[in-house]
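Per the numbering used here, the sequence shown starts with residue 2, numbered consecutively. Just so you know, even glycine gets a beta-carbon here, dropped at the ideal spot from N, CA and C. Bear in mind the structure is a predicted one, so any value in this text is a computation, not a measurement.
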Amino acid sequence: MLQKLPAFAGIQGPVVVIVMDGYGIPKHDVGSAIDAARKPTLDRLFAQYPNITLRAHGTAVGMPSDDDMGNSEVGHNAIGAGQVYAQGAALVANAIAEGAIWQGEAWKQIVAGAKTGANGKAGVLHFIGLFSDGNVHSHIDHLKAMVVQAKAEGVQTVRIHALLDGRDVPETSALDYVVPFEAFLKEISSDGFDARIASGGGRQTITMDRYDANWPMVARGWRTHVMGEGPQFANATAAVHGLREKHPGTIDQDLPEFVIAEFDENGCGKPIGTIEDGDAVVFYNFRGDRAIEITRAFVEEDFSQFDRVRHPRVTYAGMLQYDGDLQLPKRFLVAPPAIKDTSAEWFSRMGLAQFACSETQKFGHVTYFWNGNRSNRFEGETWQEVPSDVVPFEQRPWMKAAEITDAMIAALQLGQYKVLRCNYANGDMVGHTGNFRAATMAIEAVDLALSRLLPVIDAAGGVALITADHGNADEMFELDKKTKQPAQNKDGSYKAKTAHTLNPVPLILYDNVSGGRLGLQQTETAGLSNIAATVANLIGFDKHEKWDESVLVVK
2 MLQKLPAFAG IQGPVVVIVM DGYGIPKHDV GSAIDAARKP TLDRLFAQYP
52 NITLRAHGTA VGMPSDDDMG NSEVGHNAIG AGQVYAQGAA LVANAIAEGA
102 IWQGEAWKQI VAGAKTGANG KAGVLHFIGL FSDGNVHSHI DHLKAMVVQA
152 KAEGVQTVRI HALLDGRDVP ETSALDYVVP FEAFLKEISS DGFDARIASG
202 GGRQTITMDR YDANWPMVAR GWRTHVMGEG PQFANATAAV HGLREKHPGT
252 IDQDLPEFVI AEFDENGCGK PIGTIEDGDA VVFYNFRGDR AIEITRAFVE
302 EDFSQFDRVR HPRVTYAGML QYDGDLQLPK RFLVAPPAIK DTSAEWFSRM
352 GLAQFACSET QKFGHVTYFW NGNRSNRFEG ETWQEVPSDV VPFEQRPWMK
402 AAEITDAMIA ALQLGQYKVL RCNYANGDMV GHTGNFRAAT MAIEAVDLAL
452 SRLLPVIDAA GGVALITADH GNADEMFELD KKTKQPAQNK DGSYKAKTAH
502 TLNPVPLILY DNVSGGRLGL QQTETAGLSN IAATVANLIG FDKHEKWDES
552 VLVVK
């Protein structure tokens with residue numbers, strides 16, 4: 002059990018953790034929607050209350066290197082667990098480098114399934130996933146390694162279903178990946194081996210929905226990848242060019258679906274990569290949230306979210322197991338991190354009532370990811386989801402900040418919860434659109450929400466830790482790789498950035514009840530994983546032995 006702190010009995014009221022998703026500390030005024038926003042509440046908090054910065058990227062959150070940006074999954078894992086685990090990107094890279102992935106039963110079954118096929122005919126090995134090196138959901142190098150290995154093990158036909166990024170990488174960079182990869186596939190397609198891109202589309206248009214927010218998006222992906230339905234092109238390079246001509250100004254993540262076909266002399270096209278009985282399918286994203294729904298469509302017999310038309314009998318595997326509690330999928334190439342002894346688990350063991358709230362887009366982050374990739378509640382936990390709007394986020398940058406605040410206020414006024422947590426999705430989801438003005442409004446909406454929530458925390462005799470999981474809205478323009486200054490287009494305009502940043506995030510201690518006894522200690526290594534122990538100290542407990550150190554100072 003957690004031990005009582007000898008020097009501090011803890012706050013009498015509740016301890017509230019507020020995650021402002023996508024709120025980093027900007028390095029430059031130019032391009033920061035946070036600096037440009039009118040945010041009197043946050044300005045006051047930074048000026049009048051203890052605050053430090055936390056590392057939220059790279060090795061501080063379990064990524065392979067400090068060149069890797071953080072993301073909401075690994076960020077909430079670190080906050081909730083109080084520990085840093087090697088995350089999907091590192092796990093997969095290590096498994097490939099060491100060759101362990103090829104020795105696993107899942108990979109062997111995938112290869113055997115493709116080679117055996119059905120009805121006396123060899124099957125096709127299909128790879129579906131995000132087609133970039135963003136290293137947030139996937140990495141194209143992992144895909145390349147699997148294609149090479151498939152050929153080495155005697156698979157005859159490989160088809161790739163490429164989900165265009167433009168979100169974790171520059172917004173119109175698709176051809177930087179498609180062109181060299183198609184050249185690689187052409188070069189490796191020899192000695193009876195045939196590997197080609199078969200379909201694709203923007204990640205925000207098809208396949209990669211999450212949290213049951215937009216199942217029609219998954220249905221479009223199914224029709225594209227499985228049925229081969231969609232606008233036809235001779236190859237993926239032609240598809241990107243053609244879709245950009247037809248949809249000028251559309252960034253990669255929002256491009257519609259496409260299908261690669263072989264055309265006869267009459268111009269009639271036949272898709273080259275529909276998914277059939279006897280095929281094998283690998284969904285090669287390592288991150289779970291946007292992999293679960295398409296996985297369900299492939300593996301569930303009793304499936305009702307949309308009409309699959311047909312359900313091909315395939316050998317299916319995920320890169321990782323995306324949900325351990327639901328065992329989705331049962332077959333996976335690399336074992337996910339086994340996250341144990343999370344803060345929610347131990348607060349539950351101590352008999353503390355906990356409340357978690359966000360809107361659909363980040364609800365899984367304050368629940369599933371916070372609790373160590375666990376779908377079920379711990380005893381004493383209450384979860385409340387506010388349904389997100391299914392509209393482009395730049396059109397409603399306020400999102401559900403007001404409704405989340407309503408829920409948090411109601412929970413605080415009940416007086417039964419000792420630890421509460423919420424996530425305001427605005428800075429991240431709107432930041433991903435690349436729309437600067439909308440992003441400033443997103444930050445302003447969060448600031449307004451805080452102005453309503455903080456007085457209720459005061460009335461309850463509580464304190465708050467206000468932080469973020471990673472940056473995004475702090476850097477809305479691409480940085481020049483040489484000068485590290487905001488990069489400009491030829492016409493002098495700035496290049497929009499839609500990806501997360503490498504910037505630190507804030508940790509603010511909002512405390513009007515201790516009489517100035519409490520502060521925060523800035524350390525060189527302070528990161529998101531220090532928050533759990535800090536919360537424990539505020540309650541009056543020492544940290545769990547596995548958790549990283551608290552940054553709370555008691556005077």
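Q489 and A220 have their alpha carbons spaced roughly 38 Å apart.
Using a Cβ-Cβ distance cut-off of 8 Å, the segment 307-318 and the segment 277-297 are in contact, since at least three pairs of beta carbons, one from each stretch, lie closer than that value. A distance below 8 Å between beta-carbons, with the five flanking residues on each side excluded, links T54 to the following residues of its chain, in chain order: I26, P505, V506, P507, L508, Q523 and A527. In the DSSP assignment, P65 is bridged to no other residue. Ranked by Cα distance from W347, the first of M430, A500, D36 and A534 is A534. The residues V431, T434, N436 and A439, in chain order, have a CB closer than 7 Å to that of E395 in the same chain once the five nearest residues on each side in sequence are set aside. For Y317, the uninterrupted beta strand (DSSP E) segment begins and ends at T316 to G319. For G520, the enclosing beta strand (DSSP E) covers residues L519 to L521. DSSP places Y178 inside the alpha helix (DSSP H), whose first and last residues are A175 to I189. Between L466 and P487, the alpha-carbon positions lie close to 31 Å from each other. Taking the Cα of I19 as reference, the smallest distance to any Cα among G472, V464 and L6 is reached at V464.
Under a 10 Å Cβ-count criterion, Q355 is classified as buried, with 16 or more other Cβ atoms of the shown protein chains found around its own Cβ. Between I102 and R288, the alpha-carbon positions lie close to 17 Å from each other. Within 10 angstroms of the beta-carbon of P330 lie 16 or more other beta-carbons, which makes it buried. Cβ-Cβ distances below 6 Å link R168 to Q254, H433 and T499 in the same chain, with the five nearest sequence neighbours on each side left out; the list follows chain order. Residue nearest to N78 within the set Q150, V282 and T343 is T343 (criterion: CA-CA distance).
Shown here for T441: same chain residues with a beta carbon closer than 7 Å to its own, the five before and five after excluded, namely A34, A37 and A38 in chain order. Contact annotation: L519 and L480 have beta-carbon atoms that are not nearer than 8 Å. In this structure, H58 sits near H471, with a CB-CB distance shorter than 8 Å.
The C-beta distance from V16 to I540 rounds to 6 Å, short enough to fall under 8 Å. By the neighbour-count criterion, in which 16 or more other beta carbons inside 10 Å mark a residue as buried, F542 falls on the buried side.
Three or more beta-carbon pairs separated by less than 8 Å link the segment 186-205 to the segment 155-162, which places the two stretches in contact. Under the DSSP assignment, I293 falls in the alpha helix (DSSP H) whose first and last residues are I293 to V300.
When rounded, the separation of the alpha-carbon atoms in T383 and K116 is 48 Å. Inter-segment contact for the segment 139-151 and the segment 295-308 is absent: fewer than three beta-carbon pairs are separated by less than 8 Å. Nearest to R45 by C-alpha distance, out of D448, K485 and V536, is D448.
Pairing A87 with L334, the inter-Cα distance amounts to about 16 Å. Under the three-state reduction of DSSP, G352 is assigned to coil, being neither helix nor strand. When the alpha-carbon of L126 is set against those of Q414, I198 and E99, the nearest one is in I198. In the three-state reduction of the DSSP assignment, P217 falls in the helix class. Bounds of any alpha helix (DSSP H) do not take in N372, whose DSSP letter is neither H nor E. Taking C-alpha positions only, G416 is separated from L164 by approximately 46 Å.
Q328 and D30 have their C-alpha atoms spaced approximately 46 Å apart. Going by DSSP, N52 is part of the beta strand (DSSP E) stretching over N52 to L55. When DSSP states are grouped into helix, strand and coil, E263 belongs to the strand group. If you check the CB distance, I340 and A94 do not come in under 8 Å.
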